[in-house]
Structure formats: structure tokens, C-alpha cells
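Report on the structure given below.
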Amino acid sequence: MSELSCTPRTCNCVFCRMKETLLQNKYIPWITLARLVFLSLSSLNTNKRYFSVKTDIPEYIHSHWDLFKRLNQFNSSTRWKKSILDAINHSRFFESGKIELHSPGFWKLKDNTIPLLDSSEYSDQGEHVAKTNSPSVDSFYSQNVLKPECIECNSLEDYYTSSVTSAKQNIHSLLSLYTISDETRRKMIKEEISESEKSILRASQHLYKISLEDNSDNYNASACLLIRTVF
Numbered sequence: 542m543s544e545l546s547c548t549p550r551t552c553n554c555v556f557c558r559m560k561e562t563l564l565q566n567k568y569i570p571w572i573t574l575a576r577l578v579f580l581s582l583s584s585l586n587t588n589k590r591y592f593s594v595k596t597d598i599p600e601y602i603h604s605h606w607d608l609f610k611r612l613n614q615f616n617s618s619t620r621w622k623k624s625i626l627d628a629i630n631h632s633r634f635f636e637s638g639k640i641e642l643h644s645p646g647f648w649k650l651k652d653n654t655i656p657l658l659d660s661s662e663y664s665d666q667g668e669h670v671a672k673t674n675s676p677s678v679d680s681f682y683s684q685n686v687l688k689p690e691c692i693e694c695n696s697l698e699d700y701y702t703s704s705v706t707s708a709k710q711n712i713h714s715l716l717s718l719y720t721i722s723d724e725t726r727r728k729m730i731k732e733e734i735s736e737s738e739k740s741i742l743r744a745s746q747h748l749y750k751i752s753l754e755d756n757s758d759n760y761n762a763s764a765c766l767l768i769r770t771v772f
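542 is the number of the first residue of the sequence shown in the numbering used here; add one for each residue after it.
Structure, rendered in C-alpha cells:
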């Protein structure tokens, strides 16, 4: 049996810990998917830096097929191996091991942060809100964007989860505001959204680290839905 073989029930990899949130998306960009697979492989094989796109990647996906088959791109295409390879070949996130290992087909992940998931859902919602109800920019901002406040929580996990929730709500409100703003204020809104996204990323990474330290399966998957806004 392959050393990569495991089942989602017993697996503690990144993909399994994030599965509830990831599967809500139905489709994950190939490059994001490739990064998640490499992060998962690294967590399962801490002594390895490079992984084979011919053996390691397919073996991991097949061992987690009950999860991957629920993503649309695996239901509609039998060319997923080529799609993942193309994404890796054309990405700045990966480095070939051809020179170091003297063998083609091995790659390592250069950036070990949890990738962001692109989301157009919030933009669509924001456009709808702006068209149906267009108050002044200042009044909209004051009524909808959350103000910093003291978060009451019983644990560090609660604090980070609350931080993520607040940041997501801010992003949603700011996107609604974006469509009714002039260019100057749009620039300011983009900066605010960028800061909220950084907060989500930072808090989600802390939640993941806490779950690893506690060896807990209760990783808050909803907090790990990291959003990169596309304008």
C-alpha cells in the first residue's frame, strides 16, 4: 500500500480539515487546488520537499476520491491530471526539482500559506444591492461597515473566529459600497478590503495552527474560507 494512502475519516491533512468549506464552492481553481494538494502532501510527509506529479499527486487524489469527486471539475472532466500539471507548470508558487533531483516531474511548493479562494459571489451581491438601494456613500458606510468593538469570547479560537466573521461582513458591505463610489473612494475601499482579507488570512492561519497543536478535528472550516476580491 502506498505511503500516501489514507481515508478522509482518518486523515489530518489540510484538504480534509478544510473539506466542509472547500466543497461548498463546488469548483476550485486548478492552481488553488494544486497548492492545497501540495500542502496536504507536505503535512502527511514532513520529511519530503518534492512531490511527483506522476505518482504522488494522483495517489493522494485517488485516496481522497470521495471528496474530490464532489467538485464539478472532476465530474465533468477526465483530464484533471493534465489540468493540475498545467497549473503547476505555469505558476510562480512551484519550483521544479529537475536540477536538484536530476529527474523531471518533481515539484515543491515555495509558498506554504493557505491559498485564497477567488469569489465572485460577493461582487454579484454587491452590485444587486447598489442597484436596488443606493443611499449616499457616507451614510451607507456608517450604517453597514462594522466598527471595531470589544469581542467577548471564551477562548482564543472564539476570538479568531469572531475576527474572521467581522472581516467578512466588512468586505461584503464595502463591495456594495464600491459600485456607487467615485474613483477616489473606490481606491480607499480597495485598501480597506485588502486589510480585511489580510485579517482573515492571519486569523485562519492561527486557527489552523491551534488545531494542529491541540491535535483536534474541530477545525473551524468556515473560518478558513479565505476570499480574494476580484474587481
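The beta-carbon is built from N, C-alpha and C at its ideal position, and this holds for glycine as well. Predicted, not measured: the structure shown is a model, and the values here were computed from it.
For residue 753, count the other beta carbons within 10 Å of its own beta carbon; 16 or more makes it buried, fewer makes it exposed. Which is it? Here residue 753 is exposed: its Cβ has fewer than 16 other Cβ atoms, across all protein chains shown, within 10 Å.
Within the same chain, show all residues whose beta-carbon is closer than 6 Å to that of residue 699, passing over the 5 residues directly before and after it, in chain order. Leaving aside the five residues that flank residue 699 on each side, none in its chain has a CB nearer than 6 Å to its CB.
Examine the Cβ distances between the region 700-707 and the region 739-750 and report whether three or more of them are shorter than 8 Å. With the cut-off at 8 Å, the region 700-707 and the region 739-750 touch.
What residue from 593, 651, 712 has the CA that sits closest to residue 643's CA? When only C-alpha atoms are compared, the closest one is 593.
Contact check, residue 568 vs residue 626, beta carbons under 9 Å: No, they are not a contact pair.
Excluding the five sequence neighbours on either side, which residues of its own chain have a C-beta within less than 6 Å of the C-beta of residue 546, listed in chain order? Since pLDDT at residue 546 reaches only 44, below the 50 mark, its modelled position is unreliable, and no value is offered.
Counting only runs that start and end within the region 612-661, where is the alpha helix (DSSP H) found for 4 or more residues in a row? Restricted to the region 612-661, the alpha helix (DSSP H) segments that are unbroken, complete and at least 4 residues in length are 613-617, 621-630, 639-642, listed in chain order.
When you compare only the Cα positions, how much space is there between residue 572 and residue 578? For residue 572 and residue 578, the distance between alpha carbons rounds to 10 Å.
Between the CA atoms of residue 597 and residue 585 - distance to the nearest angstrom: Between the alpha carbons of residue 585 and residue 597 lies a gap of roughly 11 Å.
Jot down the residue ranges of each uninterrupted alpha helix (DSSP H) in the region 697-733, minimum 4 residues, whole runs only, in chain order. Counting only unbroken stretches of 4 or more residues, the alpha helix (DSSP H) elements lying wholly within the region 697-733 are 697-719, in sequence order.
Buried or exposed, going by whether 16 or more other CB atoms sit within 10 Å of the CB of residue 755? Around the beta-carbon of residue 755, fewer than 16 other beta-carbon atoms lie within 10 Å, marking it exposed.
DSSP has residue 592 in a bridge; who is on the other side? Partner(s): 648.
Range covered by the alpha helix (DSSP H) that runs through residue 598: Segment 597-604, the alpha helix (DSSP H) holding residue 598.
Same chain only: Cβ atoms within 6 Å of residue 552, ignoring 5 sequence neighbours per side: Shown here for residue 552: not one same chain residue has a beta carbon closer than 6 Å to its own, the five before and five after excluded.
Could you pull out every residue in the same chain whose Cβ sits closer than 6 Å to the Cβ of residue 628, ignoring the five residues on either side in sequence? Cβ neighbours of residue 628 beyond the five flanking positions: 571, 572, 575.
N-terminal and C-terminal residue of the alpha helix (DSSP H) that residue 573 is part of: Judged by DSSP secondary structure, residue 573 falls within the alpha helix (DSSP H) whose first and last residues are 571-585.
Please classify residue 563 as buried or exposed, where buried requires at least 16 neighbouring CB atoms within 10 angstroms. Label assigned to residue 563: buried.
How many angstroms separate the CA atom of residue 724 from the CA atom of residue 731? Approximately 11 Å between the Cα atoms of the pair.
My guess is that residue 653 and residue 580 are in contact by the Cβ rule of under 8 Å, so how many angstroms apart are they, rounded? Right, the Cβ-Cβ distance comes to about 7 Å (below 8 Å), so this counts as a contact.
So the candidates are 609, 747, 622; which of them puts its Cα closest to the Cα of residue 646? Residue 622 is the option with its Cα nearest to residue 646.
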